[in-house]
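One structure is given below, encoded as structure tokens.
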Amino acid sequence: MLPTNVKQMLNQQIQAAEHPRELAIDIMMAVQDHYGYLSDEALEEAAAIVGVDPLKLEELATFYTFLYREPVGRYVIHICDSVICWMNGYESLRDHLCKKLGIQMGETTPDGLFTLLPVCCIGYCDRSPAMLINKKAYGPLTPAKIDEILETLRAEAAETTPS
Amino acid sequence: MPKLIIDEREITVPEGTKVIDAAERMGIMIPRFCYHPALGAVGACRVCAVNCLDGPIKGIQMSCMIDAQDGMKVSTTDAEAVDFRKHVIEWLMLHHPHDCPVCDEGGHCLLQDLTVSGGHGVRRFQGPKRTHTDQHLGPLVRHEMNRCIQCYRCVRYYQEFTGYEDLGVMQIGSRVYYGRYRPGTLESPFSGNLIDICPTGVYTDKPSRYRGRRWDFERRPAVCLHCALGCHVTVSARYREVVRQEARFSESINGHFICDRGRYGFPYVNLPQRPRSARVDGTETGWEAALKTAGERLESVAWKTGPQGIAVVGSARCGLETQGMLKRVADAKGWQGPVLDIDPAAANVRTAVSRLDSDLQVSLREIETADCIVVVSADPLNEAPMLAPALRQARRNGARVTVIDPRPASLPFQFDHFPVAPDDLAAAMAILIRKCAEKEPLSELGKTAVRSIEAVSDGADIPDADGLAALYDDLHNSRRPVIVCGTHTAPPEIPGMAADLALLLRIAGPRAGLFYVMPGPNSFGAALLSDPAPSFGDLVSAIEKGEIKALVVAESDLFGSGIDWDRLRNAMNKLELLVTLDYIDSPTTRAAHILIPTLTSYETPSLLINNEGRVQQSPAAFRGGDPIARTGGGDHPPRAFRRDIPGREMGAAWTALLTLGGRDPGSAPVNLTAWLGEAHPALTSLPEASDFPPDGVRLPLAENAVERFQTDRFSHGEKEEDALTLLVVDRTFGTEELSSLSSILKELTPSPFIHIHPEDAAELGLSEGDAVGIDSEAGTTVLPINLTPEMARGVLVIPRRRDLDDRLPQERRTVLSKTAIRKATEDA
Amino acid sequence: MAETTDTAYPQVLFANRKLDRIAAIDDYRKNGGYEAIETVLKTFSPKDVQKLIQDSNLLGRGGAAFPAGMKLQTVADDAPFPRYIVCNADEMEPGTFKDRVLLHADPHLLIEGMLIDAYSARAEKGIVFIRPEYENAARILEREVAIAEKAGFLGKNILGSDFNFSIDVHRSGGRYICGEVTAQLNALEGKRPNPRKPPPYPTEFGLWGKPTVTQNVETLCCMPPILRNGAQWFKDLALTETGAGTKLYGISGRVKKPGCFELPMGVRLSEIIDEHAGGMAEGSEFKACLPGGASTRYLTREHYDIPMDFESLKAVGMRLGTAAIMVFDQSDCMVGVTHNLMEFFARESCGWCTPCREGIPYIKDILWRIENGLGEERFVPMLERECRHLWNAYCAFAPGAAAPLEGLLNDFQDEVLDHIREKKCPFKASV
Ligand SMILES: Cc1cc2nc3c(=O)[nH]c(=O)nc-3n(C[C@H](O)[C@H](O)[C@H](O)COP(=O)(O)O)c2cc1C
Ligand code: SF4
Ligand code: SF4
Ligand code: SF4
Ligand code: FES
Ligand code: FES
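Protein chains in written order, with the working numbering: chain A, -12 to 150; chain B, 1018 to 1845; chain C, 194 to 624.
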């Protein structure tokens, strides 16, 4: 269940909207931010807030790249595999990431920290090869830089996770 | 009217005609997958490509997406267009399974046809085929997503056309998926149309799986019997059973679709319990012999009591032939009756039929073009299912739809609802009539109208009376208003008031129409061919008094008449002779001394008059007789070979009646058409069976000025304090007589409960889900309650399930004292 | 004028671009920002604005090169209200990042551009449709919109006039097709973003059935300078007769200095690569480039000197697209490159129509086979047929996908055949 204050805020947004459905993506994103991904429960809650059948949101959620209908890690790494990054070494960087994290593309590390997914050109071709982690862009990447980024994120996670 | 050239031939078509349709008019069938006349063009599949050689648009174009225009020169055979269309097929076949022989669509599949006709036979794509998981969609529709060609017809039909939202399209690109959020039974009572509309085998008819191929079936046109609309269906029969039904196009009635009740209501024809051999006092005899005995016994009753000791009864599901014959025989013999409609709504139907002037008649399809619709005392989805999508199309075209009815109305689109209690419906209608009469200087007529409603108490507590008054303005300002009026639960004055309102509107300007909802497929015919008296209630009283000793009942179950079952049983016990002619097993056939089995409308042609006054012919779909499943006793193929059809001895009810009436059916040819003309003047010029038009004929209905603006029709007296009105109402599934025998629809029939307004519940100290006992004549009915805010106060609503009829009060509308309603647990 | 570039060319869109930070409202105003809208509100009628933009010959910068003024003029005088302005900041065309740079450089330029656009269409609501990868830019915009509102440039009765205008930022869920105008309208309405087929055109029946003008970020950003300096000035900025204005050229791939440069419309490709992008990367030799995103045909060595404007490219059967130049060298396998592009198009196809949904994965499969030594001679005519038929798709997506494939088959057929004959990718072998 969403915390009441979050729910209230979203309900207010919907009430203020002239056409509630135009907020479908925003609401789903917000609910996803809370749960980490759009579980069935999350999707159904979002549907209740928007005031539509869950199917209506499923029709959208399954269309878009950044709505995750399956569990993802705390950091979702989208590596760009489009043409510029591809010719600038996407494949070896991807292999490096897979090795470093011990997972394949599409998987999540057992500690629930990282998920690896491909993405189309993220508009950072001038800083290629590039990747996006939780909607923040990184590039140009080298194996060393990747290691550094992963370290920073691990440290950040350790700091913010109550033990 | 643009003039264009298609494949070197010239054609002129109405403005706005798509090129694909223009070509079809010339007999050129351009391939199509996504285009469907009811769903419009969306240009998704791209298989309808043509080449525009000259004119306002040039080059390869989708013929479904372009309107015919002057000067167009279109080629459907152009090499580039043909190559592209072939390529579309190749694309669609990349992932389509190559197993037509085991696919349930095989043999009637558009994709199969176009693939074969396009000559695509060699697979060049070397990649793997994409696969999907299928979903369970309930008892009617089977889902096989791998067969999908992404034409989007299903979603467009399901969401846009009928307004249900539990089937949609998910995913993106080459992984788009059509289905539900979660597997589960489809919510739409129109879901079966998915089967017809999907151009491949994604949605197929589940109940008829493994029963045969399209070409194994005898496929014939028929008219649906499961409500009064008379939608068109195509029947598939095999081995003397009905196996499957599909929607059949009708320009005036159902368009391209039907409801699931109509599609799956047929199993009564095949039931093992269906009476197939005649019985006299419980002993099987031949058909002729039973008729002979019946004739003799009737003679002897008549000899004892005089002919008035015998009465004949029919029903709204009898064809006109049978209804007409009942009348003819009764008249000839001096028997009482016929009572042709035993339904409690019969009197209302009679009013409706007398008030439906030719000027006011609208067809179901015409409703789609109305711009302001008021539905009074009717529940479209449950009483005449296909009326709901028709109203929705009107709404999609911008119409305002308003429902004035006590029940918790539910319709698959946005509408206004005035939840007015039954006792206040007249007052609500009076508001509209008064506004209309006041607004227009209608002279004498206006004054008469105002006078007619003087008797209506205006102290009624109508929720939002101002809203109703405002509704009048919309009616008045509309171009094509239609009043839809129910007969089933309506108080007796309502059908007449609806006609008065339509009439006034018409005089005031707009081209107003009137559409009555009636209970049975031939309620109209029954009202036309029989007199107001005696009613079925009169007959029962006469039986109780011993005045009637014998009853001939044709295709009618007396236990659906609304009369209390105990009373009815006692009355029937007093009869010396009960002759029942029917094709279903019912308490009435079980009680019969002499049982004459009859043919269904699938096995013998029948004429039916739908609610709009349209006579339609339902031809026989196959020759009746014992199904092979029965005669073969499980053998396959059946071993006992014979020339004649076993079990074919029985005939249509009307032929049996003819014999009972004393005529040897072999003796002289019967001219049914002429006889019907004699029975009622409106039926004089019916066409011969062989040239009955596809959409039937609309009866010429005389204006009946005498019955307008009656002042004495307001029956209700003082409103009782502390009383609640109990309505026993129809449901889409489970109420209508024949379809409630359908094993297929059982799963869709909800268990019964009572709707009650939350405030009424609070006053009675009841809460959601409580089991509540209601004391009535029928005894105590115990059902859980369902708090329903969107219904009238002071009303209890029980959706009727016919198979549980013996547990429910029989009357459709009863006034109960509040003390008759208690929490059932308190009893214990 | 420019603080950050070392060229002599006038910097119009990048006039306020800073190396280290985003231009604030004060930076913007210092350079004449928001003067245009003030003048417009005082002395221009909506029609005057339309005419000026029309006269300036400003062509849409989102890829389709539709005249911006003409688009505004298609909003009928008696068209219903409310009307909408949509700023297309979806920018998902591979290789394209100019809008990102512009949004980060000078957000108020866009806000003023939208104001002018809205005034001329008599719209009261603006929406910036932005891709989720640009979350940072979305936040910047929201912040700066609030600042502009405080300063009285947005909201009710702007600068004392009776003109009202507000701007919302709408974040996409992320799909290339959402950049297509009509699909974007569906996306904004919370529907599945399949394109809609005109007629009716969005300027008659757009968002929520109301007239809607959609323009690219860069197109909108051109408007304040045009209003300030006039149509002729704008036209004169271009180096070619047919061009107008400056253009943001994004360049990436095998060059020394990938980046986004504001240069006069019609500057030569050779100049962009050799001078602005610092020349080809070490050891790289120009083989080909995509001149304007993934949906354009390869430009080969033969056109190395071509003026980069809409007309000049059109003249040789190419498209300027988004002017996102992606440069390939002798080591890049064009089959591999094209296969990668098809991977993109296949993944992003919206799934509405057959040619795109089925055809592109088909092409991708064939190219994959060729690239991996499974090629057959018959594949070449098969690809040609695919290519031809992609043009009959529902929207411009599929013809866009066909463009690089056409290029491959026309200009690099030998390379394709080498793959097939050698039963392997010749480029991989040489590594
Ligand atoms: C598949 C596809 C994707 C597109 N993506 C974008 C985009 O991301 N940004 C953009 O400005 N225009 C995009 N366009 C072009 C738009 O449809 C439209 O032409 C443009 O936004 C109009 O603005 P303009 O006239 O200012 O260029 C795309 C077109 C297609 C067919
Ligand atoms: S399931 Fe059938 S109707 Fe629906 S899109 Fe697929 S092929 Fe068309
Ligand atoms: S609406 Fe009535 S007539 Fe039509 S198919 Fe359904 S039950 Fe039959
Ligand atoms: S070409 Fe067709 S499938 Fe592709 S994006 Fe456009 S509409 Fe969608
Ligand atoms: S190709 Fe990777 S960011 Fe553009
Ligand atoms: S029938 Fe015309 S595009 Fe499908």
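Backbone N, C-alpha and C define an ideal beta-carbon position, used for all residues, glycine too.
Would you report the Cα separation of residue 1595 of chain B and residue 1685 of chain B, rounded to the nearest angstrom? 28 Å
Which complete alpha helix (DSSP H) runs does the segment 1516 to 1574 of chain B hold, if anything under 4 residues is left out? 1540 to 1546, 1553 to 1561
Answer yes if the segment 378 to 398 of chain C comes into contact with the segment 550 to 559 of chain C, meaning at least three C-beta pairs across the two stretches below 8 Å, and no otherwise. no
Measure the beta-carbon distance from residue 1428 of chain B to residue 1534 of chain B and round it to whole angstroms, keeping in mind my assumption that it falls under 8 Å. Wrong, their Cβ atoms sit about 13 Å apart, outside the cutoff.
Apply the 10 Å Cβ neighbour rule to residue 1223 of chain B and answer buried if 16 or more other Cβ atoms are within range, or exposed otherwise. It counts as buried.
For the candidate residues B:1528, B:1580, B:1127, whose alpha-carbon lies nearest to that of residue 1379 of chain B? Ranking the options by Cα distance to residue 1379 of chain B, first place goes to B:1528.
For residue 554 of chain C, return the contacting residues in chain B, with the cut-off set at a CB-CB distance below 7 Å. 1191
Hey, does residue 52 of chain A have any beta-carbon neighbour from chain C nearer than 8 Å? yes
Which residue from C:453, C:258, C:295, C:596 puts its Cα closest to that of residue 435 of chain C? C:258
Compute every distance between the C-beta of residue 71 of chain A and the non-hydrogen atoms of ligand 5, then say whether any falls below 7 Å. yes
Rounded to the nearest angstrom, what separates residue 1416 of chain B and residue 1382 of chain B at their Cα positions? Distance between the alpha carbons of residue 1416 of chain B and residue 1382 of chain B: 14 Å.
Can you grab the Cα-Cα spacing for the pair residue 1582 of chain B / residue 1606 of chain B, in whole Å? 15 Å
I'd like to confirm something about residue 1275 of chain B: is its beta-carbon nearer than 7 Å to some heavy atom of ligand 3, or not? yes
Which two residues bound the contiguous alpha helix (DSSP H) that contains residue 266 of chain C? 261 to 266
Within 10 angstroms of the Cβ of residue 1719 of chain B, are there 16 or more other Cβ atoms? Answer buried if so, exposed if not. exposed
For residue 1082 of chain B, verify whether its CB is less than 7 Å away from any heavy atom of ligand 6. yes
Is residue 1036 of chain B near residue 1067 of chain B, with beta carbons less than 8 Å apart? Yes.
Could you tell me which of C:599, C:613, C:583, C:366 sits nearest to residue 565 of chain C, measuring between CA atoms? Checking every option, the nearest Cα to that of residue 565 of chain C belongs to C:613.
Taking 8 Å as the CB-CB limit, is residue 1181 of chain B close to chain C? no
Is the segment 1741 to 1754 of chain B touching the segment 1821 to 1837 of chain B, taking contact as three or more C-beta pairs under 8 Å? yes
Distance, residue 1235 of chain B Cα to residue 490 of chain C Cα: 58 Å
Under 7 Å Cβ-Cβ, which residues of chain C neighbour residue 111 of chain A? What residue 111 of chain A touches in chain C: 290.
Using the three-state DSSP reduction, which class does residue 532 of chain C fall into: helix, strand or coil? The three-state secondary structure of residue 532 of chain C, taken from DSSP, is helix.
So with CB distances below 7 Å, who are the chain A contacts of residue 1187 of chain B? 45, 46, 49
Do you know how far the Cα of residue 1784 of chain B is from the Cα of residue 1778 of chain B? 6 Å
Listing by chain order, which chain C residues have their CB less than 7 Å from the CB of residue 178 of chain A? No answer is possible for residue 178 of chain A: the residues shown for chain A start at -12 and end at 150.
At the level of alpha carbons, what is the spacing between residue 624 of chain C and residue 76 of chain A? The predicted position of residue 624 of chain C is uncertain, since its pLDDT is 46 and thus under 50; a value taken from the coordinates is nonetheless stated next. Distance between the alpha carbons of residue 624 of chain C and residue 76 of chain A: 14 Å.
Measuring straight from C-alpha to C-alpha, what distance separates residue 1183 of chain B and residue 1177 of chain B? 12 Å
Residue range of the unbroken beta strand (DSSP E) whose run includes residue 250 of chain C: That residue, residue 250 of chain C, is in no beta strand (DSSP E); it is neither H nor E in DSSP.
Tell me which residues share the same chain as residue 497 of chain C and place their Cβ nearer than 7 Å to its Cβ, disregarding the 5 neighbours each side in the sequence. Result list for residue 497 of chain C: 462, 463, 479, in chain order.
Any idea if residue 1473 of chain B is buried or exposed, counting beta-carbon neighbours within 10 angstroms, 16 or more meaning buried? The residue in question, residue 1473 of chain B, is buried, as its Cβ has 16 or more Cβ neighbours within 10 Å.
Within 10 angstroms of the Cβ of residue 1446 of chain B, are there 16 or more other Cβ atoms? Answer buried if so, exposed if not. So residue 1446 of chain B counts as buried.
Put residue 442 of chain C into one of helix, strand or coil per three-state DSSP. strand
Please tell me whether residue 1662 of chain B and residue 1647 of chain B are closer than 8 Å, where the distance is taken between their beta carbons. no
Would you say the beta carbon of residue 310 of chain C comes nearer than 7 Å to a heavy atom of ligand 1? no
Checking 8 Å against the spacing of the C-beta atoms, do residue 74 of chain A and residue 85 of chain A come in under that value? no
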